[in-house]
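Working notes for the structure below.
2 protein chains.
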Amino acid sequence: MEGNFVYHNPTKLYFGDNAMSHLATELGNYGSTVMLSYGGGSIKRNGIYDAVVEALRQAGKTVVEDPGVMPNPTYEKVMEGARMVRDNAVDLILAVGGGSTIDYAKGVSASAYCDGDAWERFWVNQESPTGRIVPVGAVLTMVGTGSEMNGGSVITNRKAGFKRGKVFGPALYPRFAILNPRFTMTVPQYQMVAGFFDIMSHLMEQYFAGTADCTTDYINEGLMRSLIHASRIAAKNPHDYEARANIMWTATWALNTLLKCGKGGDWEVHQIGHAIGLVTDATHGMTLACVSLPYYRHVMRDGLHQFVRFAKNVWGVNPEGKADEQVAAESLACLEAWMKEIGVVMHSRELGVTEENIEQVADAVLILPVGYRTLTRDEVVDILRKSM
Amino acid sequence: MEGNFVYHNPTKLYFGDNAMSHLATELGNYGSTVMLSYGGGSIKRNGIYDAVVEALRQAGKTVVEDPGVMPNPTYEKVMEGARMVRDNAVDLILAVGGGSTIDYAKGVSASAYCDGDAWERFWVNQESPTGRIVPVGAVLTMVGTGSEMNGGSVITNRKAGFKRGKVFGPALYPRFAILNPRFTMTVPQYQMVAGFFDIMSHLMEQYFAGTADCTTDYINEGLMRSLIHASRIAAKNPHDYEARANIMWTATWALNTLLKCGKGGDWEVHQIGHAIGLVTDATHGMTLACVSLPYYRHVMRDGLHQFVRFAKNVWGVNPEGKADEQVAAESLACLEAWMKEIGVVMHSRELGVTEENIEQVADAVLILPVGYRTLTRDEVVDILRKSM
C-alpha cells in the first residue's frame, strides 16, 4: 500500500433480476417531484420505461419528463436540465440509461443551484460544489462506465469545442442504483463488446502503476479474471444471465474508487482513446481496444514486474524456464487472443484514423506524467501508427 | 451470481499512517458531546489515547469517559453505556479499540433509546432498531473482526449464560473509521496471528458455498492471496508496515458484506469455534484454526469443485495429471503449511478441549443447514476429536 487515502462510497445498490421491485419503496425516501432523465426511445421499446413509470406512480410522485440525453451529453443539455430542476423544484433526478445519462444527471445536480458558470467552476477549474445538491438515482441499462457508483461526469461543451471529465465527491454519487442484468441484454453486440473492453481497460489502467505490494492489485486480478471468463460466454450468448450479471457487478467495482486505494494509476490509454473519439466520434470502448496493445507493448519494459505478474495471475502463463520479457510478452498475446475472441475492433483505421488525421489525433492527446512511462509526442504518434 | 441482493456500505474510511490527522475535522460533523469508549489501559501506554484526546480537544468536544470495555463485552456493560449516553445526551460514541469495543459501541447505540428490553429485541429476536440511533465512530487498534465497516455486534449476556450476535443495518455501521496500520503493531504476536487466521476464516467461510460462477469468489481469491502473502511477512516481522497495511485493508473487506453478494456462505467453522470458546475461553481466531483442517477435510468431497478451485487459484497448485480429490487435498496441505508458518495453534487440546468436556462443546455447537454439508452431532464430535 502506498500513501494515505480515504474510501467512502455510500451508493445503495439493488442487484438482480428482481431489483426493480425495490424502486417504489426507495423513492419514498425523496420528495414528491421526480425528473425522469433518459436518452432515446429504446427504454420505451424494451419495457424499462413502463416499469419505471409504474414505480413512480406507486410512490405517488409527480414526474417531470426529461428525454433526449445524448450519448456524449452536452453542457447545453445540462443547462436545460438544470433549468427544469429549478422551474419544477425537482426533489430527485432519476437517470434511466447508461453512463452518459447518469453522468448527465450528476452534472445537472451540481449545476442547478450553482452560483456562477458551472462549466468553468466544475469541468474547467475542477471545483467542488458548494451549493444545494439535488439527489440522483439510477436505473442502469448499459454497463461499462461505473457511473452508477461513482462521481464521474464527462460532459461535452460544443461552444468550447471539447469534452471534460469531472469527478464529484460522494455527495454527488447516485444515492441508489437499480442493477438488473436483464436490462443490459438489449444493447447491440457492438456496444456490448465495446463495454466489455471499457471495463477491462478500467481495470488495466489502475493495475499498471506502482511497485509496492498492494491488496488492491490482488482484488483487481480477481475482477479481471471474472470479466475475461464471463465475457467469453456473453460474447457468444448475450442472454446468458450469469455471465451478464458477473460482468455488470465487475463493471461497478472496476470504477467505484476501490481499485485506486493505496496505489497510483495510469489512464494514458484513455487519453489516447479520448483523442481518437474526439476526431472520429468512434465508440469509446473500441478506441481503447485499438490503442491498448501498441501502448502496453511500448511500456512493457518500464513496468516489467507488473506485466510478469499480469501474465501469471490473470492469464495463467507458466513462467518456468522463461525470461521475464517473454512471460510479459505472453500476457499481451493472451490479451490479444481474448480481444479477438470477444470481437473488439483491433485497428484504429476501422474507426476512421488515417494518415491525414493522425497528427490531429496526436495533438488532442493529453500526456499524463504517471504510470510506468511518460510518453513524448513522438511516442504517441508511434503508438497511434501501430494502432492503425 | 445467485439471487438478488442489496449492497450498501456508507462507512467512511481514513486509511494510512496519517489517518488520525483527519479525526478532528471529521468530529466537526457531530454534536458537542462525545463518549470515548475503550478497553483496558493499552491505548494509554502506546499513545493512541493521547492522540484521540488531542483531536477531541481540537474539535472542542465535551468528553464522557467510558473505559473498561472487556474482550467479550457484556450486556450489563452495554446497559451502563446506554445510561451514560442518555444521562449526558451523547452525540457520538467514539470507540477506540478492536472488534469488541466497536461491537459494544453499536450495542450501546441501538440500546440507549430503545423501548423495551434491548437484549430481547435485538440479540434474541433479531429485530431492527426503530428508535433514535447515536452515531458511532471508530479508531481501530486491532484487526480481524471487520467491525469497523459492518453492523456486527456480538454481546455476552452473563445472566442468560450465552453470547449472541446481531447484525445491524447500515444506519448502525460506524459512520467513519480511522485505520492506521501502525496502531495494530503493539498487539502481542499471539493475538496478531489469531487475528490473521480469523481473517482467513472469514474469507473461507464465505468462499466454501455455492456452485455458480460468481465474481465475488474471484475477489475473495484475491483477498486470500494478499493475506497469505502479507501474513507470512508480518508473522516474521510484525513491524513491516506494508504487510500490516495490506492485512488491515484485507480484514476490512473480508467482512463488510461485499463477499456475500450473489452467493451463500457456510460459517460452520465459526459455530464450532464459538462453542470451544464458550467452554474454554480460548482466543477466537485460535479456536477457528484448530477446527478448520478437520472440518474442511470432512466436507471436501461435498464441495470438491470449490476445493479444486481453491487449490489452483489461491495456492497455485498445478492440477496437471492429478485427480480432483488429490488437487483438493493439496489445497488443504498448503493451508496447513501456511498455518504452521504463521504460528497458529493447531490442536484444540492446547486450548483446553479434553475428553471430559468434548461432549459439552458439541452440545454448544449450532449446526447450520448451509454450506456444502449439514453436519450431524456425531460428525461434530468426530471433527472436534480430530481437532484435538
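First to last, the sequence lines map onto chains A and B.
Be aware that the first sequence starts at 1, since it is given in the working numbering, and climbs by one per residue.
Be aware that the second sequence starts at 389, since it is given in the working numbering, and climbs by one per residue.
For each residue, glycine too, the CB sits at the ideal point set by N, CA and C.
Neighbouring residues, chain A, relative to residue i (Cβ below 9 Å)
i: His-617/B; result: Asp-213, Tyr-218
Residue i: contacting residues in chain B (beta-carbon distance under 7 Å)
i: Ser-226/A; result: Thr-603, Tyr-606
Minimum C-alpha distance to residue i - residue among the options
i: Ala-255/A; options: Glu-205/A, Pro-238/A, Leu-293/A; result: For the record, residue 255/A in the displayed sequence is Leu; it is not Ala. Considering only alpha carbons, the answer is Glu-205/A.
i: Val-6/A; options: Lys-263/A, Ile-276/A, Met-84/A, Ala-364/A; result: Lys-263/A
i: Lys-61/A; options: Gly-39/A, Ser-42/A, Asn-29/A; result: Asn-29/A
i: Gly-31/A; options: Ala-112/A, Val-299/A, Lys-312/A, Ala-89/A; result: Ala-89/A
i: Gly-427/B; options: Leu-647/B, Leu-482/B, Trp-507/B, Ile-621/B; result: Leu-482/B
i: Leu-681/B; options: Ala-447/B, Leu-772/B, Glu-747/B, Ile-490/B; result: Leu-772/B
i: Gly-169/A; options: Lys-386/A, Ser-109/A, Gly-321/A; result: Ser-109/A
i: His-298/A; options: Asp-378/A, Leu-278/A, Thr-287/A; result: Asp-378/A
i: Pro-757/B; options: Glu-656/B, Gly-731/B, Val-705/B; result: Glu-656/B
i: Pro-73/A; options: Gly-152/A, Glu-54/A, Ile-199/A, Val-193/A; result: Gly-152/A
i: Val-52/A; options: Thr-141/A, Glu-127/A, Glu-76/A, Pro-71/A; result: Thr-141/A
i: Ile-228/A; options: Ala-364/A, Val-381/A, Ala-337/A; result: Ala-337/A
i: Phe-15/A; options: Tyr-241/A, Asp-87/A, Asp-217/A; result: Tyr-241/A
i: Thr-25/A; options: Arg-175/A, Gln-58/A, Gly-47/A, Asp-17/A; result: Gln-58/A
i: Asp-503/B; options: Ile-746/B, Val-451/B, Ala-470/B; result: Ala-470/B
i: Met-573/B; options: His-658/B, Ile-543/B, Ser-430/B; result: Ser-430/B
i: Ile-102/A; options: Val-69/A, Ile-133/A, Ile-358/A; result: Val-69/A
i: Met-674/B; options: Val-555/B, Asp-586/B, Thr-533/B; result: Asp-586/B
i: Gly-99/A; options: Gly-137/A, Asp-17/A, Met-79/A, Lys-386/A; result: Gly-137/A
i: Ala-189/A; options: Arg-244/A, Val-365/A, Thr-215/A; result: Per the sequence shown, the amino acid found at residue 189/A is Gln instead of Ala. That would be Arg-244/A, whose Cα lies nearest to the Cα of Gln-189/A.
i: Arg-175/A; options: Phe-196/A, Val-279/A, Ser-147/A, Tyr-296/A; result: Ser-147/A
i: Gln-785/B; options: Lys-554/B, Val-741/B, Ala-622/B; result: Residue 785/B cannot be examined here, being either before or after the span of chain B that is shown, 389 to 776.
i: Asp-91/A; options: Ser-128/A, Met-35/A, Tyr-75/A; result: Met-35/A
Short CB-CB distance (under 8 Å) between residue i and chain A
i: Gly-653/B; result: no
i: Lys-400/B; result: yes
i: His-693/B; result: no
i: Tyr-395/B; result: yes
i: Gly-650/B; result: yes
Where the alpha helix (DSSP H) through residue i begins and ends
i: Gly-673/B; result: 672 to 687
i: Phe-196/A; result: 189 to 207
i: Phe-395/A; result: Only positions 1 to 388 of chain A appear in the structure, and residue 395/A is not among them; the question remains open.
i: Val-381/A; result: 377 to 387
i: Gly-210/A; result: Here Gly-210/A belongs to no alpha helix (DSSP H), and DSSP marks it neither H nor E.
i: Leu-223/A; result: 215 to 236
i: Arg-433/B; result: 430 to 433
i: Ala-51/A; result: 48 to 58
i: Glu-708/B; result: No alpha helix (DSSP H) contains Glu-708/B, which DSSP labels as neither H nor E.
i: Val-361/A; result: 358 to 364
Neighbour list for residue i in chain B, Cβ cutoff strictly below 9 Å
i: Met-1/A; result: Phe-403, Gly-404, Pro-569, Tyr-629, Glu-630, Ala-633, Asn-634, Met-636, Trp-637
Residue-chain proximity (residue i, chain B), Cβ-Cβ < 8 Å
i: Leu-223/A; result: yes
Listed by chain order, chain A residues near residue i by CB distance under 8 Å
i: Ala-407/B; result: Asn-4
Beta-bridge pairing of residue i - partner residues as DSSP gives them
i: Glu-127/A; result: Answer by DSSP bridge pairing: none, since Glu-127/A is not bridged.
i: Ile-566/B; result: Tyr-402/B, Val-527/B
i: Val-279/A; result: According to DSSP, Val-279/A bridges with nothing at all.
i: Phe-162/A; result: Asn-157/A
i: Thr-462/B; result: Thr-544/B
i: Lys-66/A; result: The sequence as given places Asp at residue 66/A; Lys does not occur at that position. The partner list for Asp-66/A (beta bridge, DSSP) reads Ser-37/A.
i: Val-345/A; result: Answer is none; Val-345/A lacks a bridge partner.
i: Val-370/A; result: Val-370/A pairs with nothing; no bridge assigned.
i: Val-555/B; result: Gly-540/B
Residue interval of the beta strand (DSSP E) (run including residue i)
i: Met-35/A; result: 33 to 38
i: Leu-94/A; result: 92 to 97
i: Tyr-395/B; result: 393 to 395
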